[in-house]
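The opening residue of the sequence shown carries number 0 in numbering that gives the first Met the number 0; numbering runs sequentially from there.
Input: a single structure, listed below in structure tokens.
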Amino acid sequence: MILCETQDQWEHEITSAISNALQAAIKLRGKASLVVSGGSTPKPIYELLSQEDLDWKNVHIALADERWVEPDHPASNEKLIRETLLKNKAKAASFIPMKTAHTSPQEAVTFVNEAYKTLSFPFDVVLLGMGPDGHTASLFPHAASLSLALNTEDIVAPIKAQKSGVTGVHLDRMTLTGPSIATTRTIILALKGQEKKKAYNQANICQDAHEMPVSLFLKADNFNAYWTPS
Ligand code: 6PG
């Protein structure tokens, strides 16, 4: 875990790590795929990243997960990304939404997998958050169809979280699968505060991915966690 003494250092270190990885991918392969999470933690990172001087027209952005709500709904991750990242210099990037007109993630999964196949794969960068329960993206502990989402060759999978203090009311979700996260060239986990640090330490010794799904990714060579106390 990379300890950042201040919020400002944390924001700048994560932004630089993402920016450097995207530039390297574009230099090597002419384009880069960036997969981003929702939630509150990464908002200041997206604001900073949107101002980075990058070859954004060759950066293709997609979501790590989505609540099955309309893009103008306050809980929409697409709404969050359009408001905090897809602006300033990053406005030139392309974006693939995860929410479709289908009535459920189950009905949309084939369509969304086809859309995600247009991204360079393995993904170049994924920015993850984590809940105090050890979920990441929408890989929630003991969720219905979690086993499938952790063991499929698909890029995304539908999932229905078990209601908890962490899930909120939006239980029907689409998420990156375990393998599509694990194969990403640069996996970044952004963490803030003591509760998240405690959960991260628990995930580091957790042997059961169904208990704390984030534990699947912590040992990968291509993984880094950035934590700040504030
Ligand atoms: C979501 C996110 C989710 C998030 C964690 C942490 O759709 O909610 O993708 O995985 O990263 O729940 O959320 P906070 O950053 O708000 O604590």
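Note that the Cβ used here is the ideal one computed from N, Cα and C, for glycine as well.
>> Under 8 Å, with one C-beta from each stretch per pair, do the segment 39-47 and the segment 55-71 reach the 3-pair mark?
In response: no
>> Need the endpoints of the alpha helix (DSSP H) that isoleucine 204 sits in, please.
In response: What you label residue 204 is simply residue 205 of the sequence shown in a count that begins at 1. Run containing isoleucine 204: 193-204, per the alpha helix (DSSP H) assignment.
> Say the cut is 8 Å; is the CB of serine 119 nearer than that to a heavy atom of the ligand 6PG?
Replying inline: Numbered from 1 along the sequence shown, position 120 holds the residue referred to as residue 119. At a threshold of 8 Å, serine 119 does not count as near the ligand 6PG, since its beta carbon sits no closer than that to any of the ligand's heavy atoms.
> For the beta strand (DSSP E) that proline 131 lies in, which residues bound it at each end?
Replying inline: Along the sequence shown, one-based indexing puts residue 131 at 132. Where proline 131 is concerned, there is no enclosing beta strand (DSSP E), given that its DSSP letter is neither H nor E.
>> Quick check on the DSSP output: the beta strand (DSSP E) that includes proline 96 runs from which residue to which?
In response: Against the sequence shown, residue 96 aligns to sequence position 97. Counting along the chain, proline 96 falls outside any beta strand (DSSP E), and DSSP gives it neither H nor E.
> When the distance is taken between beta carbons, is methionine 211 closer than 9 Å to alanine 224?
Replying inline: The residue you call residue 224 lines up with position 225 of the sequence shown. The residue you call residue 211 lines up with position 212 of the sequence shown. Not a contact, by the Cβ cut-off of 9 Å.
>> In whole angstroms, give me the CA-to-CA distance for serine 144 and threonine 151.
In response: Your numbering for residue 144 matches position 145 in the sequence shown. Your numbering for residue 151 matches position 152 in the sequence shown. Going by the C-alpha atoms only, they are around 11 Å apart.
> Candidates Thr182, Ala63, Asn112, Met129: which alpha carbon is nearest aspartate 153's?
Replying inline: In the sequence shown, the residue the question calls residue 153 occupies position 154. When only C-alpha atoms are compared, the closest one is Asn112.
> Relative to the alpha-carbon of lysine 196, which residue among His134, Trp226, Leu126 has its alpha-carbon at the smallest distance?
Replying inline: Within the sequence shown, numbered from 1, the residue matching residue 196 stands at position 197. For lysine 196, the closest C-alpha among the options His134, Trp226, Leu126 is that of Trp226.
> Considering arginine 66, what are the terminal residues of the beta strand (DSSP E) in which it resides?
Replying inline: Your numbering for residue 66 matches position 67 in the sequence shown. Per DSSP, arginine 66 belongs to the beta strand (DSSP E) from 64-66.
>> Taking 8 Å as the cut-off, is the C-beta of alanine 156 nearer than that to any heavy atom in the ligand 6PG?
In response: Here residue 156 is taken as the residue at index 157 of the sequence shown, counted from 1. Every heavy atom of the ligand 6PG is 8 Å or more from the Cβ of alanine 156, so no.
> For the putative contact between proline 140 and glutamine 105, defined by C-beta atoms under 8 Å, what is the C-beta separation to the nearest angstrom?
Replying inline: Residue 140 sits at position 141 when you count from the first residue of the sequence shown. Residue 105 sits at position 106 when you count from the first residue of the sequence shown. With a Cβ gap of about 20 Å, proline 140 and glutamine 105 do not count as contacting.
>> Measuring only the C-alpha atoms, how far is glutamate 51 from alanine 61?
In response: Position 52 of the sequence shown, counted from the first residue, corresponds to residue 51. Position 62 of the sequence shown, counted from the first residue, corresponds to residue 61. When rounded, the distance between both Cα atoms is 18 Å.
> Does the separation of the CB atoms of phenylalanine 216 and leucine 126 fall below 9 Å?
Replying inline: Taking the sequence shown and counting its residues from 1, the one referred to as residue 216 is at position 217. Taking the sequence shown and counting its residues from 1, the one referred to as residue 126 is at position 127. Going by C-beta atoms, phenylalanine 216 is not nearer than 9 Å to leucine 126.
>> Give me the residue from Leu149, Lys191, Ser179, Pro131 with the minimum Cα distance to glycine 164.
In response: As a first step, residue 164 is located in the sequence shown; it is residue number 165 there, counting from the start. Closest by C-alpha distance to glycine 164, out of Leu149, Lys191, Ser179, Pro131, is Pro131.
> Should leucine 145 be listed as close to the ligand 6PG, given that the test is whether its C-beta is under 8 Å from any heavy atom?
Replying inline: Counted from its first residue, the sequence shown places residue 145 at position 146. No - the ligand 6PG has no heavy atom lying nearer than 8 Å to the Cβ of leucine 145.
> Leaving out five residues before and five after valine 58 in sequence, what residues of the same chain have Cβ atoms less than 7 Å from its Cβ?
Replying inline: Within the sequence shown, numbered from 1, the residue matching residue 58 stands at position 59. Contacts found: Leu21, Ala31, Leu33, Ala92.
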